[in-house]
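Residue numbers (the working numbering), protein chains in the order written: chain A, 6 to 81; chain B, 6 to 81; chain C, 6 to 81; chain D, 6 to 81; chain E, 6 to 81; chain F, 6 to 81.
There are 6 protein chains.
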Amino acid sequence: MPLIPDNTLITATPEEGRELAIMMARKTIGAIQPDADARQGVRALYANDPSALTAAGHVVAIEFATVAAANDYWRG
Amino acid sequence: MPLIPDNTLITATPEEGRELAIMMARKTIGAIQPDADARQGVRALYANDPSALTAAGHVVAIEFATVAAANDYWRG
Amino acid sequence: MPLIPDNTLITATPEEGRELAIMMARKTIGAIQPDADARQGVRALYANDPSALTAAGHVVAIEFATVAAANDYWRG
Amino acid sequence: MPLIPDNTLITATPEEGRELAIMMARKTIGAIQPDADARQGVRALYANDPSALTAAGHVVAIEFATVAAANDYWRG
Amino acid sequence: MPLIPDNTLITATPEEGRELAIMMARKTIGAIQPDADARQGVRALYANDPSALTAAGHVVAIEFATVAAANDYWRG
Amino acid sequence: MPLIPDNTLITATPEEGRELAIMMARKTIGAIQPDADARQGVRALYANDPSALTAAGHVVAIEFATVAAANDYWRG
């Protein structure tokens, strides 16, 4: 399982860049915790502990900052 | 539901950039947790656990840093 | 209520930039939680849970990083 | 009480820059919580909850990143 | 045990850069807590406290931002 | 006790830069909490609360981002 899909940070649009940021965050969780059952706990947590949702969104925001810089903010 | 409204980070003003940052944070939560009832828990949390408000503001601050850089800080 | 007072990130001095960073953090909380009573809970929390103060200062530090970059650090 | 001592981010050395970062973090706490007794709670917390020390160091690290960039990292 | 494998931030691809970011995060934990049993507690925590997984992913995201900038985002 | 050893952010290698980042994080804790017994609590915490280890690694990651930028990522 690759950590960076397609092995590039370059995307055509901000929308695709955001999707990449979400995937990067998820795949790193998968690398840290290869056990699928334990990872399921993360999803359950999202339902029971809303602050975990905010924490996940926080990580995506940081990943996206990197992706956006890589793409020169799609200023084009 | 798009993750980045209008598929651009460019806005006319800092105010609009801030609104975009708030929307980006919200839409990512929606992508991570598509279940609307669970998301409602986040809103309830804001009323009962004020520190969750700070955490949400924290994410917006990070999203805004990216939007502001994309717009060269609207130096104009 | 605007999110960015005066709709600009440019300030005359670092001191004013810091004040802007504090206001930006506060106004976003107001946008996320329009209910004034719930926001009051945040202030009460500051008195009862000192770690919440650190969390609020953390957000201001991030907002200030953006404002400082926008002003090229007031290098003059 | 000013938020940024001397109203500048420029310092002669990294050491002075680090001292400035610590002061900036402290003075923002003072602006958010003007009540001195409540602020005392923060200091007590440092003795009783070591993780609060890490959180405070975290904020200083972010403030210092801004100060260091302002000073072009004192590369000389 | 080196903190930065191969003593460089430069990697051939984003995938290798991400692997480096994960290793950097792990090796710093090893430097802070040289006791292997205590470190084991971290792994156990990942199984029992899913929010710890998010926190670990958060650190990787920050390390990766540095690695990606060092490599000019592998823009080629 | 200086906050920045040798009063410079410039190091010969990434490895030394990482060591500097760890020292910077530690010395700031020492400045915030000069009481050695209280600081001992931090070390004990690392053994009993693995998530504190992640939090400490988080701070090191931020300090290292600054050190790496100061050294232009040791690109040579």
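Ideal Cβ positions, reconstructed from N, Cα and C, are used throughout, including at glycine.
Interface partners of residue i on chain B, CB under 9 Å
| i | result |
| --- | --- |
| residue 100/A | No answer is possible for residue 100/A: it lies beyond the span of chain A, which begins at 6 and ends at 81. |
Partners in chain D for residue i, counting only beta-carbon separations shorter than 9 Å
| i | result |
| --- | --- |
| residue 7/F | 20 and 23 |
Residue-level contact to chain D via CB, residue i, 8 Å cutoff
| i | result |
| --- | --- |
| residue 46/F | yes |
Residue i at chain C interface by Cβ criterion, 8 Å
| i | result |
| --- | --- |
| residue 16/D | no |
Contacts of residue i in chain E (Cβ-Cβ under 8 Å)
| i | result |
| --- | --- |
| residue 61/A | 59 |
Within chain A, partners of residue i - CB distance below 9 Å
| i | result |
| --- | --- |
| residue 10/E | Chain A residues near residue 10/E: none, gap ~16 Å exceeds 9 Å. |
Test item: CB-CB of residue i and residue j under 8 Å
| i | j | result |
| --- | --- | --- |
| residue 62/B | residue 34/C | yes |
| residue 36/B | residue 65/B | no |
| residue 14/E | residue 78/F | yes |
| residue 58/C | residue 45/D | no |
| residue 60/E | residue 56/F | yes |
Residue i beta carbon near the ligand FMN (any heavy atom closer than 7 Å)
| i | result |
| --- | --- |
| residue 63/B | Among the ligands in the structure shown, none appear at all, so the ligand FMN cannot be discussed. |
Inter-stretch contact at 8 Å, needing at least 3 Cβ pairs: the stretch 69-76 of chain B / the stretch 63-78 of chain C
yes
Give the residues from the stretch 26-39 of chain C that approach chain B closer than 7 Å (Cβ to any Cβ), ordered along the chain.
30, 33, 34, 36, 37 and 38
For the structure I just gave you, are there three or more beta carbon pairs, one from the stretch 7-19 of chain A and one from the stretch 8-16 of chain B, closer than 8 Å?
yes
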